[in-house]
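Given below as structure tokens:
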């Protein structure tokens, strides 16, 4: 009888040993994966500003990139990437802030038209995965300055008039901008309202439609009452026009 029982007991012991080994291996794999995730979460977010070869051209659209990575992996879920640009001689108080859009794996970009020669400062304000970073780069712009007495089609010499009105409606707040170029309605442009406030770093974008010649309209639901900044972006890529004008409104 014992001869029959002993092989069976030995089989049970071997099964238990194998099960224990598999459990230990699974636990080890799980711990390794958790360790990798914790290591990634602890890694800093790196932002590299990328521009064409310098000196940059004057009064021409230039693509500016921010390449965002964490632990050598591209970051595609940044809360925002916002470029701040100013001419060094004019000081940071004259800066422009432009929200970037994602253009590739971990890459965020804007187009910018440098209006005069000299040194500029470029900062990429980046908020991603609970971390904030803001690398800064100095860039040089060179080109021939055109006389104000001549016929110029530069970014600064073409006068635009931009007005902004708002009114409350059942579906939200109706934003209406009227844009004129040299006193004439600026028609068939791509117009976007960039909405933000000093109390929040979140920027919202609303595309507007042309309802009449040079008049563009969109509806937006504001989360709360207060004072908001509305940056009116208007562009015609075929004519290399990309302008923006900031207005302030109070809701309600």
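Numbering (mature numbering (1 follows the signal peptide of the UniProt record, and there is no 0)), first residue to last: -23 to -1, 1 to 229. For glycine and all other residues, C-beta sits at the position ideal for the given N, C-alpha and C. Bear in mind that the values here come from a model prediction, so they are computed numbers and not experimental data.
Contact between the stretch 54 to 63 and the stretch 137 to 144 is not established, with fewer than three Cβ pairs separated by less than 8 Å. Buried is the label assigned to residue 166, since at least 16 other Cβ atoms lie within 10 Å of its Cβ. Spatial neighbours of residue 83 in its own chain (CB-CB distance under 7 Å, excluding positions within 5 residues in sequence) are listed in chain order as 44, 45, 46, 51, 52 and 53. Pairing residue 34 with residue 99, the inter-Cα distance amounts to about 15 Å. In this structure, the straight-line span from the alpha carbon of residue 184 to that of residue 209 is close to 10 Å. For the 9 Å CB-CB criterion, residue 36 and residue 71 do not form a contact. Shown here, residue 175 sits in coil according to DSSP, grouped into three states, outside any helix or strand.
In the displayed model, residue 148 falls within coil according to three-state DSSP, outside both helix and strand. Only buried fits residue 154, as 16 or more other CB atoms lie within 10 angstroms of its CB.
Here the alpha carbons of residue 197 and residue 149 stand approximately 6 Å from one another. A direct Cα-to-Cα measurement between residue 89 and residue 171 gives close to 16 Å. Here the alpha carbons of residue 80 and residue 214 stand approximately 17 Å from one another.
The alpha-carbon of residue 87 is positioned some 31 Å away from that of residue 202.
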